[in-house]
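Visitor: Take a look at the following structure, please.
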Amino acid sequence: MSVEKRNPISVKEAISRIMKQNVEVQDTKVSLEDSLGHVLAEDIVATYDIPRFNKSPYDGFAIRSEDSKGASGYHRVHFEVIDHIGAGSVSKKTIAKNQAVRIMTGAEIPKGADAVVMFEQTVESETTFSIRKPFKHLENVSLKGEETRTGDIVLSKGMHITPGVIAVLATYGYTEVRVTKKPSVAVIATGSELLDVSDELQPGKIRNSNGPMIKALAEKFGLQVGTYKIQQDNLESSVGVIKEALESHDIVITSGGVSVGDFDYLPKIYEAVEADVLFNKVAQRPGSVTTVAFVHSQFLFGLSGNPSACFTGFELYVKPAVNMMMGARSCYPQIIKATLMEDFEKANPFTRFIRAKVTLTPAGTTVTPSGFNKSGAVVAIAHANSMIMLPGGTRGFKAGHTVDVILTESNAFEEDLIL
Ligand code: AMP
Ligand code: MG
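Quick note on numbering: the UniProt record's numbering labels position 109 of the sequence shown as 109, and the sequence is numbered without any gaps.
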């Protein structure tokens, strides 16, 4: 039996082959409460001006600015308070010369007034107060429409729905919103050595950690996940399960069996389901055998069984594909620069991805491997918030070099840093 020769392609090329596939993005309507994590399928317009009326940004007194002319420490100007309003109330009074309305943050500026004096800027007595500086026309006034005007496009199609987006939708009264459908995901762990989490350990066997990890990665993304039974390294039964998974899911993620071992059946499975293999060898470590195939607008991700490689494969390939399938405008992970804190002196022809900890320090952003880091490592994944990305080539990297880091979690570790 001869081992099939695979030609590695770059990570960039691998991602671009995924992103070139034709996927059909479908719309659906969801309620505002269920919209988090979806992608907007429509532009959202402002349904009214914000603010809707000139309003006070402070607790204080609404006055006519012209009355404050010439005010100083030697020449305090006095006002008579004629009304008192809180947010949500509107004064029926019109302010005349040297009159004022006591006004709370968010309340509409009364007729006649064109400036607000903050409490801190006054000396108060029972029904009067005085000020020691002049105020300009519209000083301390939030103007009608200063943030948005009716008809402005405030959110655009393709944006991910974040808590901030939900605040905007709520503001303009969108109880429902048009979003794209999220792809559904099937997760299948393959390998005759695998035991379920609840199983007792047996000689030669290991517990399936990739299945639960992939499920969690997908759920964190807000996706519905169907988990299938662990598959023995058996061609017929595995083909059966993958066919079944393809009937009801847009994405099928497997772990294990993509290498060239005697019991690595995924390449034959892709043939059996007539999937188009986009690549089966990438110039990356870990996970060089990561394989991605496409069949009738569905993706099959064949992630390596090695946990660190499996995690890396999800971050690099599954995430952008899911974003694309949701019609998202931004599909790629956040990459930052950080100072490498350990040497990686051995040059590597393949791009290396190292599970790592990004730390914010008073001196800058640093990045350190998060523990034992071979491709089979699992604990380092848990201690990582990022992956160091060392380009392949003829040179090594030393502590102190600035490197690219992919953020995989949104929180950085902090070291004596007050933000
Ligand atoms: P494979 O990709 O099938 O060649 O497996 C590579 C390595 O990952 C082997 O040491 C497997 O035992 C291990 N492995 C495979 N699947 C899993 C899994 N679901 N969870 C944890 N380790 C796995
Ligand atoms: Mg295997």
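The C-beta atom is built at its ideal place from N, Cα and C for all residues, glycine as well.
Computed from a predicted structure; not experimentally measured.
Going by CA-CA distance only, name the one from 297, 245, 270 and 317 that's closest to residue 287.
Guide: Minimum Cα distance to residue 287 is reached at 317.
Visitor: With the cut-off set at 8 Å, would you say residue 9 and residue 189 are in Cβ contact?
Guide: In this structure, residue 189 does not lie closer than 8 Å to residue 9 by Cβ.
Visitor: Got a sec, what are the start and stop residues for the alpha helix (DSSP H) residue 319 sits in?
Guide: Element bounds for residue 319: 319–325.
Visitor: Here's a check: name, in chain order, each residue in its chain whose Cβ is nearer than 8 Å to the Cβ of residue 193, leaving out the five neighbours to either side.
Guide: The answer, listed in chain order, is 204, 205 and 206.
Visitor: Can you tell me whether DSSP reads residue 62 as helix, strand or coil?
Guide: It is a strand residue.
Visitor: Put residue 386 into one of helix, strand or coil per three-state DSSP.
Guide: Looking at residue 386 - three-state DSSP - the assignment turns out to be strand.
Visitor: Do you know how far the Cα of residue 313 is from the Cα of residue 231?
Guide: Near 20 Å, if we compare the C-alpha coordinates of residue 313 and residue 231.
Visitor: Is the beta carbon of residue 116 sitting closer than 8 Å to the one on residue 62?
Guide: Taking 8 Å as the Cβ cut-off, residue 116 and residue 62 qualify as a contacting pair.
Visitor: As an exercise, report each continuous alpha helix (DSSP H) stretch of at least 4 residues that is fully enclosed by the stretch 97–124, in chain order.
Guide: Correct list: empty.
Visitor: Nearest by alpha-carbon distance to residue 51: which of 45, 81, 146 and 74 is it?
Guide: The shortest C-alpha separation from residue 51 is found at 146.
Visitor: Which ranges does the beta strand (DSSP E) cover as unbroken runs of at least 3 residues, wholly within the stretch 180–223, from first to last along the chain?
Guide: Correct list: 185–189.
Visitor: Name the two residues that bound the continuous alpha helix (DSSP H) containing residue 246.
Guide: Here the alpha helix (DSSP H) through residue 246 covers 235–248.
Visitor: Nearest by alpha-carbon distance to residue 38: which of 260, 59 and 326 is it?
Guide: When only C-alpha atoms are compared, the closest one is 326.
Visitor: Counting only runs of 3+ residues fully inside the stretch 282–318, write out the beta strand (DSSP E) ranges in chain order.
Guide: Fully enclosed beta strand (DSSP E) runs of 3 or longer: 291–295 and 298–303.
Visitor: How long is the line joining the alpha carbons of residue 137 and residue 66, rounded to whole angstroms?
Guide: Straight-line Cα distance between these residues: approximately 8 Å.
Visitor: Run the proximity test for residue 233: is its beta-carbon closer than 7 Å to any non-hydrogen atom belonging to the ligand MG?
Guide: For the ligand MG, at least one heavy atom lies less than 7 Å from the Cβ of residue 233.
Visitor: Between the alpha carbons of residue 1 and residue 257, how many angstroms are there, rounded?
Guide: The predicted position of residue 1 is uncertain, since its pLDDT is 44 and thus under 50; a value taken from the coordinates is nonetheless stated next. Looking at the two C-alpha atoms, the distance is approximately 17 Å.
Visitor: When DSSP labels each residue in this structure, what does residue 379 get in the three-state scheme?
Guide: Helix at residue 379.
Visitor: Take residue 285 as the anchor and find which of 298, 351, 278 and 277 has the nearest alpha-carbon.
Guide: Closest by alpha carbon: 351.
Visitor: Do you know whose CA, among 247, 291, 6 and 296, lies nearest residue 303's CA?
Guide: Selected option, being the one with the closest Cα: 291.
Visitor: How is the alpha helix (DSSP H) around residue 352 delimited, first residue to last?
Guide: Taken as a continuous stretch (DSSP letters only), residue 352 belongs to no alpha helix (DSSP H), being part of the beta strand (DSSP E) at 351–361.
Visitor: Mind checking which residues open and close the beta strand (DSSP E) that includes residue 80?
Guide: Counting along the chain, the beta strand (DSSP E) containing residue 80 begins and ends at 77–85.
Visitor: Less than 8 Å between the CB atoms is what I'm expecting for residue 364 and residue 339, so what's the real figure, rounded?
Guide: Sure, about 6 Å apart at Cβ, within 8 Å.
Visitor: Thinking just about the alpha-carbon of each residue, which of 367, 260, 83 and 181 is nearest to the one in residue 25?
Guide: Ranking the options by Cα distance to residue 25, first place goes to 181.
Visitor: Alpha carbon to alpha carbon, what distance is there between residue 187 and residue 200?
Guide: The straight-line gap from Cα to Cα measures roughly 22 Å.
Visitor: In chain order, which continuous runs of the beta strand (DSSP E) of length 3 or greater are located wholly inside the stretch 4–77?
Guide: 27–31 and 60–63, all fully within the stretch 4–77.
Visitor: Enumerate in chain order the residues of its own chain whose CB-to-CB distance from residue 6 is below 7 Å, with the five nearest sequence positions on each side excluded.
Guide: Answer for residue 6: 280 and 281, listed in chain order.
Visitor: Does the beta-carbon of residue 408 have 16 or more other beta-carbons within 10 angstroms, so that it is buried, or is it exposed?
Guide: Result: buried.
Visitor: Rounded to whole angstroms, how far is the Cβ of residue 295 from the Cβ of residue 251, which I believe are closer than 8 Å?
Guide: Wrong, their Cβ atoms sit about 11 Å apart, outside the cutoff.
Visitor: Since residue 430 and residue 107 are thought to touch, with beta carbons under 8 Å apart, how far apart are those beta carbons, to the nearest angstrom?
Guide: Any answer about residue 430 is impossible in this case: the structure gives the chain only from 1 up to 419.
Visitor: With H, G and I counted as helix, E and B as strand and the rest as coil, what does DSSP make of residue 148?
Guide: Correct three-state label for residue 148: strand.
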